[in-house]
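Working notes, beginning with the structure itself.
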Amino acid sequence: MRFESTRAFFLLTLLWALQACSSGDTDALRQAVFINEQEISRLEIRLPEDERILDINEAQTLTLQLVAIRADSSEFELSRYVQWSSSAPQSVSVNGVGEVGAIANGSSVITASLADLSASIQLSASDAVLESITPAISNATVPVCSFENTLSATGRYSDDTERNISKRVTWSSDDSSVARVIKSGLVSTVLALRGGEVKLRAQLGSEISPDLALTIAPGTVSGITIAPLSATVEAGRALDFVATATYNTGATRNITRASVWTSTNPAALAVNSETKGRFNAVAEGNTVVKATCDNKEGSATAIVTKPVTVTGIEIRDQNRNATNLINKDPNAPEFQLFAYLKYSNGTELDVTDRTDDPYNKIIWSIDSSTPANVLTLSNQPGTRGRVRMLGVDNGQAVIKVSLQGETDTITIDSDFDHP
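Quick note, this note's numbering runs 165 ahead of the 1-based positions in the sequence shown.
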């Protein structure tokens, strides 16, 4: 293990001690085992600097991110077994999942603990009143069809402090046909739809910012291409396209979010109203997909086919032949059976030892009517479908395979002269 000797010693000592304790120490034991298994060397609480002051007037809450860092510097977000605490819960509270809330004026140290590891962060709660908002934009002039201009906002409070409130404000546009503000997670970006001028505003509570002017340059797109240019999709599935604009300057830009998407045959392939560039395959048919922006248009073709369905499963012998009865001599004891899923498009898939889906495993079994001493059948990973003749009793064994609601059986006839 790649731990410092002191940490290894601590974990081994803790594990030994807890194993001798009562069941009330189960959580601590699990924590120690978890740290050991994951090789966690330290914890870290991550939070943007501008969120260290929580607004009491808004009853502001936020969820802290706790990251576990391994000895090899790899990391992952941690939620299991963690204990959260606040040094001053009367000011800043914290619950069992790391959500903190503003209660009363004051500061508190929030700590996340896991066995002997811990991480802390200091937060404050303030009832200062927001008095003004100053909006800002990364570029005052942008090309049409762009979607990369980010917005920010600074709030000034009654205690003369300034805070970055970009993630908390709500943005609006005075002409949503020219430009709209799209909030993705905690980031607000301007979607430039057509040429013109627009005024943007930020609002938090009752406080509204001054207007922020944005100019969108029209007529700058020379052409639009769509990828893929042609596609085939089964009915019942979704199909995604990407639109790219070429500008008069020669520059290119992904304009999937800024485009208006249409289908010439929506009965076959319909526009997904929630995700730009995504279409829902409804029924068999052909269509042309179009993306339009700045009076330019790009197109692609799509074919919707019948959905491919499973039509059955089939057991085959060691020569990959389908047969209802196999005569086997117990003196040649081991052989392999195979299972194939069959599909409506005529294709088939070997699923003898399927392991790609842990919730949809293939199951090999022996029918309960089979005499006990005829053969054995493996249903273990790596050897599924493996048959071993026992050579004890004559008789017929019925082998069954099941997957995705489909089943098939085959009979093995053990016939030999008992000595």
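Glycine included, C-beta positions come from ideal geometry on N, C-alpha and C.
Problem - Bridge-paired residues (DSSP) for Thr414 - result: BP columns for Thr414 are empty, so no partner.
Handout entry: Gly442 burial status per 10 Å Cβ neighbour count (16 or more: buried)
Key = buried
Practice task
Given a cut-off of 8 Å, decide if Leu231 and Ala277 are closer than it, judged by their beta-carbon atoms.
Solution key: yes
Problem - Whether Thr518 touches Gly550 by CB criterion (8 Å) - result: The residue you asked about is not Thr; residue 518 is Asp in the sequence shown. Yes; because the gap between Cβ atoms is below 8 Å, this pair is in contact.
Problem - Of the residues Thr535, Ser543, Asp580, Thr548, the one placed nearest Ala562, counting alpha carbons only - result: Thr535
Problem - Residue burial classification, Ala432 (beta-carbon count within 10 angstroms, cutoff 16) - result: exposed
Exercise for the section: Would you tell me roughly how many angstroms separate the C-alpha atoms of Ile234 and Ala197, rounded to the nearest one? Expected result: 15 Å
Practice task
Tell me whether Ala504 is buried or exposed, calling it buried when 16 or more other Cβ atoms sit within 10 Å of its Cβ.
Solution key: buried
Exercise for the section: Would you kindly check if the distance between the Cβ of Thr574 and the Cβ of Thr470 is under 8 Å? Expected result: no
Problem - With 16 other Cβ atoms within 10 Å as the buried cut-off, status of Ile564 - result: buried
Problem - Three-state secondary structure assigned by DSSP to Asp339 - result: coil
Practice task
Given a cut-off of 8 Å, decide if Asn525 and Val473 are closer than it, judged by their beta-carbon atoms.
Solution key: no
Problem - Nonlocal neighbours in the same chain, by C-beta distance under 6 Å from Asn492, ignoring five residues either side - result: Asp578
Practice task
Specify the secondary structure class of Gln203 as computed by DSSP and reduced to three states.
Solution key: helix
Exercise for the section: Assign Ile330 to buried or exposed, taking buried as 16 or more other Cβ atoms, counted over all protein chains shown, within 10 Å of its Cβ. Expected result: buried
Problem - Helix, strand or coil at Leu356 [DSSP, three-state] - result: strand
Problem - Where the beta strand (DSSP E) containing Gly560 begins and where it ends - result: 560-568
Practice task
Check whether the Cβ atoms of Asp389 and Ala416 lie closer than 8 Å to each other.
Solution key: Note that residue 389 is Ile in the sequence shown, not Asp. Going by C-beta atoms, Ile389 is not nearer than 8 Å to Ala416.
Handout entry: With 16 other Cβ atoms within 10 Å as the buried cut-off, status of Gly189
Key = Per-residue confidence for Gly189 stands at a pLDDT of 47, beneath the threshold of 50, marking its modelled position as unreliable; no derived number is given.
Practice task
Return the CA-CA distance between Pro383 and Arg211, expressed in angstroms with no decimal places.
Solution key: 42 Å
Practice task
Please confirm whether Ala357 and Val309 have their CB atoms less than 8 Å apart.
Solution key: yes
Exercise for the section: Let me know the beta strand (DSSP E) ranges lying completely inside the stretch 482-534, each 3 residues or longer, listed in chain order. Expected result: 490-493, 499-501, 503-508, 513-515, 528-531
Problem - Close-in-space but distant-in-sequence residues of the same chain around Val453 (CB under 8 Å, 5 per side omitted) - result: Ser428, Thr429, Asn430, Ser464, Ala465, Thr466, Ala467
Handout entry: Start-to-end residues for the beta strand (DSSP E) that takes in Ser278
Key = 271-279
Exercise for the section: Jot down the residue ranges of each uninterrupted beta strand (DSSP E) in the stretch 431-466, minimum 3 residues, whole runs only, in chain order. Expected result: 434-436, 443-446, 450-458
Problem - Cβ shell of Glu399 (< 8 Å), same chain only, five flanking positions each side left out - result: Ala446, Val469, Thr470, Lys471, Pro472, Val473
Exercise for the section: Classify Asn314 as buried or exposed, calling it buried when 16 or more other Cβ atoms lie within 10 Å of its own Cβ. Expected result: buried
Problem - Whether Ser272 touches Gln255 by CB criterion (8 Å) - result: no
Handout entry: Contact check, Leu227 vs Glu216, beta carbons under 8 Å
Key = yes
Handout entry: DSSP state of Trp181 mapped onto helix, strand, coil
Key = For Trp181, the predicted model reports a pLDDT of 49, less than 50, meaning its position is unreliable and no value from the coordinates is stated.
Practice task
Note the first and the last residue of the continuous beta strand (DSSP E) segment covering Thr397.
Solution key: 395-399
Exercise for the section: Return the chain-ordered list of same chain residues with a C-beta closer than 8 Å to the C-beta of Ile218, the five sequence neighbours on each side being excluded. Expected result: Leu288, Ser289, Ala290, Ser291, Thr326, Arg328
Practice task
Look at the alpha carbon of Leu502 and the alpha carbon of Gly401, and state the distance between them as a whole number of angstroms.
Solution key: 34 Å
Practice task
Below 8 Å on the Cβ atoms is my guess for Arg207 versus Leu282; work out the distance and round it to an integer in Å.
Solution key: 6 Å
Practice task
Find the nearest neighbour of Glu372 within the set Asn304, Thr354, Pro300, Trp249, judged by alpha-carbon distance.
Solution key: Pro300
Handout entry: Reduced DSSP secondary structure (H/G/I, E/B, other) of Ala197
Key = helix
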